[in-house]
Every structure is written in structure tokens, then in C-alpha cells.
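Protein chains: 4
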Amino acid sequence: MIATRDLVAELGYERVTIESIAARAHVGKQTIYRWWSSKSAILADCILDGLVLLPQELPPENDDIRISLTEWLRGALGAMADPDSASLIRGLTSAAADDPDLALVLYERLTEPYESSIAARLEEAAERGELRSGISAADVIEMLFGTILYRLLSRLDMGPHVAENIIEMLFSGLGPT
Amino acid sequence: MIATRDLVAELGYERVTIESIAARAHVGKQTIYRWWSSKSAILADCILDGLVLLPQELPPENDDIRISLTEWLRGALGAMADPDSASLIRGLTSAAADDPDLALVLYERLTEPYESSIAARLEEAAERGELRSGISAADVIEMLFGTILYRLLSRLDMGPHVAENIIEMLFSGLGPT
Amino acid sequence: MIATRDLVAELGYERVTIESIAARAHVGKQTIYRWWSSKSAILADCILDGLVLLPQELPPENDDIRISLTEWLRGALGAMADPDSASLIRGLTSAAADDPDLALVLYERLTEPYESSIAARLEEAAERGELRSGISAADVIEMLFGTILYRLLSRLDMGPHVAENIIEMLFSGLGPT
Amino acid sequence: MIATRDLVAELGYERVTIESIAARAHVGKQTIYRWWSSKSAILADCILDGLVLLPQELPPENDDIRISLTEWLRGALGAMADPDSASLIRGLTSAAADDPDLALVLYERLTEPYESSIAARLEEAAERGELRSGISAADVIEMLFGTILYRLLSRLDMGPHVAENIIEMLFSGLGPT
DNA sequence: TGTTAACCGAGACGGTACGTCAGGTCTTGGA
DNA sequence: TCCAAGACCTGACGTACCGTCTCGGTTAACA
Chain A
1038 MIATRDLVAE
1048 LGYERVTIES
1058 IAARAHVGKQ
1068 TIYRWWSSKS
1078 AILADCILDG
1088 LVLLPQELPP
1098 ENDDIRISLT
1108 EWLRGALGAM
1118 ADPDSASLIR
1128 GLTSAAADDP
1138 DLALVLYERL
1148 TEPYESSIAA
1158 RLEEAAERGE
1168 LRSGISAADV
1178 IEMLFGTILY
1188 RLLSRLDMGP
1198 HVAENIIEML
1208 FSGLGPT
Chain B
1038 MIATRDLVAE
1048 LGYERVTIES
1058 IAARAHVGKQ
1068 TIYRWWSSKS
1078 AILADCILDG
1088 LVLLPQELPP
1098 ENDDIRISLT
1108 EWLRGALGAM
1118 ADPDSASLIR
1128 GLTSAAADDP
1138 DLALVLYERL
1148 TEPYESSIAA
1158 RLEEAAERGE
1168 LRSGISAADV
1178 IEMLFGTILY
1188 RLLSRLDMGP
1198 HVAENIIEML
1208 FSGLGPT
Chain C
1038 MIATRDLVAE
1048 LGYERVTIES
1058 IAARAHVGKQ
1068 TIYRWWSSKS
1078 AILADCILDG
1088 LVLLPQELPP
1098 ENDDIRISLT
1108 EWLRGALGAM
1118 ADPDSASLIR
1128 GLTSAAADDP
1138 DLALVLYERL
1148 TEPYESSIAA
1158 RLEEAAERGE
1168 LRSGISAADV
1178 IEMLFGTILY
1188 RLLSRLDMGP
1198 HVAENIIEML
1208 FSGLGPT
Chain D
1038 MIATRDLVAE
1048 LGYERVTIES
1058 IAARAHVGKQ
1068 TIYRWWSSKS
1078 AILADCILDG
1088 LVLLPQELPP
1098 ENDDIRISLT
1108 EWLRGALGAM
1118 ADPDSASLIR
1128 GLTSAAADDP
1138 DLALVLYERL
1148 TEPYESSIAA
1158 RLEEAAERGE
1168 LRSGISAADV
1178 IEMLFGTILY
1188 RLLSRLDMGP
1198 HVAENIIEML
1208 FSGLGPT
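Residue numbers (the working numbering), protein chains in the order written: chain A, 1038 to 1214; chain B, 1038 to 1214; chain C, 1038 to 1214; chain D, 1038 to 1214.
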């Protein structure tokens, strides 16, 4: 529901009411309850329908994997610099914290498109010798998403240099050279 | 306020009402409003007063840094395996997503005790040759906390082997050996 | 609203709360506020709907006017001897003291049925030579109602002999014989 | 308490709170509760202390009793024409309707000063042949006060001609000449 | 084309919690 | 020692939304 997404972006999840959604959509409250059982369920469907924008696709395959990831992360962080997007994602976070079902939907929706794609990219890169072997795409995604989420909630800087730092640390590792 | 912390742990942040806090604390509602302006402000004070338990201290200095971090992470993840603690942290997350002021308090309270301690440990470790140089403690903390948070919200596994995987990846990095 | 009338009779106007009315009527508070703007407005509607009982009709026409009035007054005072009725009327008084609109409704509702009836009776009686001419029915009603009200508020005796005393004084006047 | 009288005059009885009285008088709330048990009790004392204006004393003895009463009633009604006084008396009425104790105090304070005085005047007048004998001062006072109260609550006219009508009816009686 | 059924906006309903106000009691710190 | 100042518990206020439940008016399918 477009009205829902817009209202969450405008006001934040907590401040959006079902009545306000109904009013904004020029729809009766009952019509909403006919299809969804809760506010978070509406959001879950917004996500499934792709109404909530997620970070863009990975850059094309022929790139260096490190550059690929850096650009992707830069794009994702950049999207979060937009106040409405940030507000929306914080709303989703709030909703997911309260509702395990929504959390599951959100998790799958967020990771699915990336997991297979990134897994393939990492594998190819490993074959090209750009990476060491034995790396789990899920772990990488988890770490990157977790970091974005943490910065988002902490209202930390989302500037472009941040992406480079993170990828640098991720690639080089902490161990001695 | 102890009543607040307990209720958030029991019911989740959203389901806690100011009235229920007042009733649990055998206190008038007005007394709460006299001292705090919102539910999240109470939570912020709970955090500042140390009523909300955070993961335990780092292990003793003489350990290998990698083992130190692994154990610390294992402990932190283990704490999140307790449903009440997990519920409390999810509540804090939800509150922080809605209230920038609380987010700031929470962020500072969470990172302060670790930042200096971990920074020192990392520095010593680097001197002992266990780490490469130029590593930002803040970045490490951010990545670890972000990962914990992400797993918590996604209801992912918090088992002990997870800590090892993460530290392994973090130390080795993604780059080719 | 029957619940309102009963509660006012039981507890007195000041001690009746909108919440208690809502609870007694098994109704949400908002439903009451949707239809009435204040407690006194509810009472005004009770009066207009005839839910509040007023003293009975005048006795039949063929009576002597003095006996008629005496009996009517005795009946009215007798009704006030019932604690619930007395409490209800005191409640109306309290409400009327606070709310001019209610006072108007109450005044009209109280006097209307009597004014025309008593006026006609007085006129007939004057024609029969039982009364001197030039008497205003409104003034008589005002004096009788005022006296009842005063006795009611002062918790003075409402016994049957009182009616006779009052009518005696009213008919004979204070002047020398 | 002067502060009370002023506040009642300014705001009306209903809108005056004990807290506002305390604040205006630069006095602690407890000090007020030490001496009075309720807002209406304070007002009762205000009346007793003559801070609240009540109808003036009867005119001097050498007047004709009928003129005396007419002037007294005119004065009383005139005082009620002042919105502040009327509001105050309505407040007392409301309080008396709810609180039998206050009603008693108020009744005694209101009638006492008049009863003995009017009783004596009526007796003298009867001796001078201005009145018929056997008249109860209490009944006269009750009727006059009742009428004033009724007009006050009904928001009826308090103009000077009203006094004359009432006294005329009271003296002449309803019976045939 | 006219009748009927499903749908849906609008919004009233019984509720819960909100944040505020005032009541009456209890504690305290300065005169 | 007294008392203003004001925190405290209580309970009612009037409002915002909740999720449920009728209402009419419109639309679409069938007669």
C-alpha cells in the first residue's frame, strides 16, 4: 500500500495509525482489516510487493569484486542519507523488533536477492584469485547489513568514505600481514 | 526504573504502557510524567543508570586478542539467547528507531565502555604483532555490534559457533592469502 | 439516559462521573462524548425525554381551588420525601446552578405543564369568587416551587402539615383581616 | 479569605481551585486544609465574615412593615443582579445540594440573622395592626428566600418591580377580598 | 433493462491508554 | 516550631486509536 509506505516515511512507524492509512488511501478501515491483520503485516506486504525500495543491484560482473562491493555499499549508505528512506528503514526496524513474523518476511526479502547474486560473485572472484576460499556469502551480507543498520539506528555518518573503510577492513582482516 | 526494565523485558517495548509502569511501581501516573516526558525517556534513564545489562567485560589482558574477542562475542551472543534479554534489546532498538535522543544516549552508553577498552587491547595486540596496524577500534565495535543487532532482529541463531565464524572472517579478511 | 438518572438519584450529581455513566450503561466513554458535550447536557436530555419524573397532575376541576392546591402541594412535598427523588431533584438543582442551558430546559419543562393548567384553574376559581382577581399563575407557581426547592435544599421537613401552612399563608396573606 | 472571594468573583465558583486559592494567598495547600474541609466551607466562612455581600439589613424600625419588606427584597434581588454575586450564590446552592452538612451551616447562617430580626419586626407590626396575627417569621423567610433562589436558578428577571409584585401577593393573599 | 447481490466508504460502537488536572495527604527546608 | 512549597497517590477528565460492527450508495451479474 503506497499510502502506508509514504506515511511511514513521513511520520515514522510509531506515529502512523491504521486510521491515517485508511484516510490517506480514501478507503474504509474495514477494507484494510479485510486484507491485513496488523500494521506490520501491511508493511510486510509493502516489502514483498517491492514498494519499499532496497539498495540497488550489484554492479556488473566484470568489475573487480572489491570495487563492486565498495560501490554497492556506497550506494546503500547513500540511499540511507535520504531522510525519508532512513525513516522508512527505521520504521521497518521498529516493526521487525516487535513482530517476529514481519522480521522473517523482511529478512528473507532483504537477503534473498543478494544472497544468490553475491554468492555467485564471490565464487567467481575466488576463482579469479581475488578472494581467499571458504567464504560464506550469508556471513558477508550479514556483516554488511548489520553495519548499515547499526549506523542507521545510531544516526552515524553515512558519507561515502565510510564504505571504503568498511570494505578495506573486511578485505584485509585484522590479522597481521 | 526497575519496573520499566522488567516490563519491557516481559512484554516488549510496544506493549508496555505508562500506566502499567506506574501500576507496577505503585506510583501515580503523574509522578512519572513529572520526571520523564515519554516512555523512551524512561528507558534512556534506565540505560544511564546501568539498569539495563550490557555484555560483560572483555576477558583478561594476557589472552590472545583473537581468543579474547571470540570469547567476548560468544558471551554477548549468549546473553542474547536469553529471551528476556533479547526482548529487552529489541525493545531498546524499537525505541531508538523512533527517538533520536534515546538513540544517542543508547549509542554512547553502549560504545563508551568498550571503545576505550577495546582500543587499548587492540593497540597492545598490534604491538605484540598479533594484528596489523591502522585498525580503528570504533570500526571493529561497530561491525561487531551491527552483526549482533542484525542477528537479533532477524531472529537468527545465536549459538556459540557463530562467534567463531565471525571472528574468523574478521581476522582473516576476504582477500586472498 | 436511564443510567444517568439512576446514578444521579443514587449518588448525587457531583459524585456522578461520565466514566461511571459509561460503565453503568455498558457503553464507551467516547460514545457519550459523541452525543453530549457535558454531564449537564445529558441530564437536560433526560428531562426533555421525560425520564425525570415531576410531581403529578393537579387534582380534578370540581374541587375547591384551595383544596386542590393543598393536595397538589402535599403530593409534591410527599414525592420529595422519597430519598431518591429528593436526591435527583437536588442533582438537577446543582446542575442547573452550573449550567444556564440546562437551567432553561429544566425551567421550561417544570413550569410548562403547570402554568397553563394552573392558570386556567385560578381563572375559574376567580370566576366562582374563590379568589381575588388579578393573580398571576406564574407568580404562584414560582412561589410554590421556590418554597419546595428551598425546603429541599435546606433539608427541612416535608411533612403533610407543611402544605397546609403554606397554602394558608398564601391564601390569607399577611395583611390585617 | 479575601483571595477566595476575589477568585470567585473573577473566575466563578466552579473554576476556582483550592490550589489557585493557596497560590493567590501565598499559602501552602496544607494550611488551607488545616482550617477548612472543602472549597464550599471556605465560602461559608467568607459569608460569615461578611466578605461576601448578602442582602443588607432590614430598614429601620419606624418604617411601615410592608415597605420595609419590599425594600429589603428589592435590595436582595438587586444584589443578585450582579453577575458575580449571582454566580457565587449559585455556587453555594450547588455545594449545598451535594453536601447536607454545608447545607445546614449555610441554612443557619443565612436565616439566623434574619429570623430573630424579622420575627420581632413582624410582631411589632402585628401589634400596630399592620398585620394579621399568627404569622410565622420562619415561613415568611422561607417563602422569600425560596422565591429568590428559584428566580436565581431559573435565571429569571431580578428587576425592582419583581419585589413589589411578590410582596403585594404575599400581603394580600389569594383569597377573595 | 431491472433486480439483486457483493462490495466498500463512512463512521458509530465498546474499549484501552493517553497526557492533564485537581483533590487531599505527606515531607522538607528555611525562617 | 512552623509553614510555603511542592512531591506524592488517586481518580476523572476529554482525546486518539484500536478492532468490530452496521449502515447506505454504487457497481456488476444475472434475469
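Ideal Cβ placement from N, Cα and C applies to all residues, glycine included.
Computed from a predicted model, the values in this text were never measured in an experiment.
Exercise for review: Would you mind sorting Gly-1183(D) into buried or exposed? The rule is 16 or more other CB atoms within 10 Å of its CB.
Suggested key: As a working mapping, residue 1183(D) is identified with position 146 in the fourth sequence. Counting Cβ neighbours within 10 Å, Gly-1183(D) comes out buried, since at least 16 surround it.
Check your understanding: In chain D, which residues lie with their C-beta within 7 angstroms of the C-beta of Tyr-1207(C)?
Key -> Locating residue 1207(C) in the third sequence gives position 170, where the first residue counts as 1. Before going on, a small fix: residue 1207(C) reads as Leu here, not Tyr. Gly-1210 and Leu-1211, listed in chain order.
Point to revise | C-beta contact flag for Leu-1186(A) and Thr-1130(A) at 8 angstroms | key: Walking along the first sequence from the start, residue 1186(A) turns up at place 149. Walking along the first sequence from the start, residue 1130(A) turns up at place 93. Result yes, Cβ atoms of Leu-1186(A) and Thr-1130(A) sit closer than 8 angstroms.
Practice item. Report yes if the C-beta distance between Ala-1175(D) and Leu-1159(D) is below 8 angstroms; otherwise report no. Key: Translated into the one-based positions of the fourth sequence, residue 1175(D) becomes position 138. Translated into the one-based positions of the fourth sequence, residue 1159(D) becomes position 122. It is not a contact, given that the beta carbons lie outside the stated cut-off.
Review point. Taking Cβ positions only, does Pro-1120(D) come closer than 8 angstroms to chain C?
Key: Locating residue 1120(D) in the fourth sequence gives position 83, where the first residue counts as 1. No, no contact with chain C.
Practice item. Please classify Arg-1042(C): is it buried, with 16 or more other beta-carbons within 10 angstroms of its beta-carbon, or exposed? Key: One-based indexing of the third sequence puts residue 1042(C) at position 5. When all chains shown are included, Arg-1042(C) counts as buried.
Check your understanding: Relative to chain A, which residues along the segment 1170-1192 of chain B have a C-beta separation below 8 angstroms, given in chain order?
Key -> Ile-1172, Ser-1173, Asp-1176, Val-1177, Glu-1179, Met-1180, Phe-1182, Gly-1183, Thr-1184, Ile-1185, Leu-1186, Tyr-1187, Arg-1188, Leu-1190, Ser-1191 and Arg-1192
**Study point:** Beta-carbon proximity check, Leu-1211(B) vs Leu-1168(A), cutoff 8 angstroms
**Key:** The sequence position of residue 1211(B) within the second sequence is 174, counting from 1. The sequence position of residue 1168(A) within the first sequence is 131, counting from 1. Their beta carbons are under 8 angstroms apart, which means Leu-1211(B) touches Leu-1168(A) by this criterion.
Exercise for review: Below 6 angstroms CB to CB, which residues in the same chain sit around Ala-1222(D) once its five sequence neighbours on both sides are set aside?
Suggested key: The structure shown does not extend to residue 1222(D), since chain D is modelled only from 1038 to 1214, so the question has no answer here.
Review point. Quick one, which of Asp-1082(B), Leu-1143(B) and Glu-1179(B) has its alpha-carbon nearest Ala-1156(B)'s?
Key: The residue given as residue 1156(B) occupies position 119 in the second sequence. Measuring from the Cα of Ala-1156(B), the nearest candidate turns out to be Glu-1179(B).
Review point. Applying the criterion that 16 or more other CB atoms from any shown protein chain within 10 Å of the CB defines a buried residue, is Ile-1039(A) buried or exposed?
Key: Here residue 1039(A) is taken as the residue at index 2 of the first sequence, counted from 1. Exposed: under 16 other Cβ atoms inside 10 Å.
Point to revise | Chain-ordered chain A contacts of Gly-1166(B) [CB-CB under 7 angstroms] | key: Taking the second sequence and counting its residues from 1, the one referred to as residue 1166(B) is at position 129. Residues of chain A passing the Cβ test: Pro-1213.
Check your understanding: Given that Gly-1049(A) touches chain B, what residues does it touch there, using C-beta distances under 7 angstroms?
Key -> Along the first sequence, read from residue 1 onward, the residue named residue 1049(A) stands at position 12. Ordered by position in chain B, the residues that pass the 7 angstroms Cβ test against Gly-1049(A) are Asp-1135.
Exercise for review: Look up Glu-1051(D) in the DSSP assignment and say whether it is helix, strand or coil.
Suggested key: Within the fourth sequence, numbered from 1, the residue matching residue 1051(D) stands at position 14. Residue state, collapsed to three classes: coil.
Review point. Residues of chain C with CB under 9 angstroms from Leu-1141(D), in chain order?
Key: For the purposes of this step, residue 1141(D) is taken as the residue at position 104 of the fourth sequence. Within chain C, the residues near Leu-1141(D) are Ser-1191 and Arg-1192.
Practice item. Write down every uninterrupted run of the alpha helix (DSSP H) in the segment 1074-1143 of chain A whose length is 4 residues or greater and which is fully enclosed by it, in chain order. Key: 1076-1085, 1102-1118 and 1120-1135
Check your understanding: Along chain C, which residues have their Cβ under 7 angstroms away from the Cβ of Arg-1127(D)?
Key -> As a first step, residue 1127(D) must be located in the fourth sequence, where it is residue number 90. Going along chain C in sequence order, the residues near Arg-1127(D) (Cβ under 7 angstroms) are Ala-1134.
Practice item. Can you grab the Cα-Cα spacing for the pair Gly-1128(A) / Gly-1112(A), in whole Å? Key: Sequence index remark: in the first sequence, residue 1128(A) carries index 91 (1-based). Sequence index remark: in the first sequence, residue 1112(A) carries index 75 (1-based). Taking the straight line joining both Cα atoms gives about 20 angstroms.
Review point. Hey, is the segment 1042-1051 of chain C in contact with the segment 1044-1051 of chain B, meaning 3+ C-beta pairs nearer than 8 angstroms?
Key: no
Exercise for review: Express the C-alpha separation of Leu-1110(D) and Arg-1103(C) in angstroms, rounding to a whole number.
Suggested key: As a position in the third sequence, residue 1103(C) is number 66, starting the count at 1. As a position in the fourth sequence, residue 1110(D) is number 73, starting the count at 1. If you take the alpha carbons of Arg-1103(C) and Leu-1110(D), they lie about 27 angstroms apart.
Check your understanding: Of all the options Asp-1119(C), Arg-1146(C) and Ser-1122(C), which has the alpha carbon lying nearest to the alpha carbon of Asp-1082(C)?
Key -> Within the third sequence, residue 1082(C) is the residue found at index 45, counting from 1. The shortest C-alpha separation from Asp-1082(C) is found at Arg-1146(C).
Check your understanding: Between Ala-1200(B) and the rest of its own chain, which residues show a CB-CB distance below 6 angstroms, the 5 nearest in sequence each way excluded?
Key -> Taking the first residue of the second sequence as position 1, residue 1200(B) is located at position 163. For Ala-1200(B), where only same-chain residues beyond five positions count, the Cβ hits under 6 angstroms are Thr-1107, Leu-1110, Arg-1111 and Leu-1114.
Check your understanding: Taking the alpha-carbon positions, what's the Gly-1065(C) to Arg-1071(C) distance?
Key -> In the third sequence, counting from the first residue as 1, residue 1065(C) sits at position 28. In the third sequence, counting from the first residue as 1, residue 1071(C) sits at position 34. Taking the straight line from one Cα to the other gives about 10 angstroms.
Practice item. Compare the C-beta of Ser-1105(C) against all C-beta atoms of chain D and say whether one is closer than 8 angstroms. Key: Position 68 of the third sequence, counting from 1, holds the residue named residue 1105(C). Taking Cβ atoms only, chain D never reaches closer than 8 angstroms to Ser-1105(C), which makes this a no.
**Study point:** Cβ-based neighbour list, Ile-1204(D), same chain, cut-off 8 angstroms, excluding 5 preceding and 5 following
**Key:** The residue given as residue 1204(D) occupies position 167 in the fourth sequence. Cβ neighbours of Ile-1204(D) beyond the five flanking positions: Arg-1103, Leu-1106, Thr-1107 and Leu-1110.
Check your understanding: Which residue's Cα is closest to the Cα of Asp-1138(A): Ala-1162(B), Leu-1181(B) and Ser-1191(B)?
Key -> Numbered from 1 along the first sequence, position 101 holds the residue referred to as residue 1138(A). Looking at the Cα atoms, Ser-1191(B) is the closest of the given residues.
Exercise for review: Consider the Cβ of Tyr-1151(D): report whether some Cβ of chain C lies at a distance smaller than 8 angstroms.
Suggested key: As a working mapping, residue 1151(D) is identified with position 114 in the fourth sequence. No, no contact with chain C.
Check your understanding: Given a threshold of 16 other Cβ atoms within 10 Å of its Cβ, counted over all protein chains shown, does Ala-1118(D) qualify as buried or as exposed?
Key -> In the fourth sequence, the residue the question calls residue 1118(D) occupies position 81. Exposed: under 16 other Cβ atoms inside 10 Å.
**Study point:** Cβ neighbours of Leu-1044(B) in the same chain (closer than 8 angstroms, five flanking residues each side left out)
**Key:** One-based indexing of the second sequence puts residue 1044(B) at position 7. Cβ within range, chain order: Val-1053, Ser-1057, Ile-1058 and Arg-1061.
Exercise for review: Can you tell me which of the three DSSP states Val-1199(B) falls into?
Suggested key: Position 162 of the second sequence holds residue 1199(B). It is helical.
Check your understanding: Which chain A residues are close to Tyr-1144(B), counting only those with a beta carbon under 7 angstroms from its beta carbon?
Key -> Translated into positions along the second sequence, residue 1144(B) becomes position 107. Per Cβ cutoff of 7 angstroms: Ser-1191.
Point to revise | Option nearest Gly-1087(C) by Cα separation, candidates Ser-1074(C), Ser-1124(C), Glu-1149(C) and Asp-1135(C) | key: Translated into the one-based positions of the third sequence, residue 1087(C) becomes position 50. For the residues Ser-1074(C), Ser-1124(C), Glu-1149(C) and Asp-1135(C), the minimum Cα distance to Gly-1087(C) belongs to Glu-1149(C).
Exercise for review: Flag this pair as yes or no: are the beta carbons of Asp-1121(A) and Ser-1077(A) separated by less than 8 angstroms?
Suggested key: On the first sequence, position 84 is the one that residue 1121(A) refers to. On the first sequence, position 40 is the one that residue 1077(A) refers to. Contact: no.
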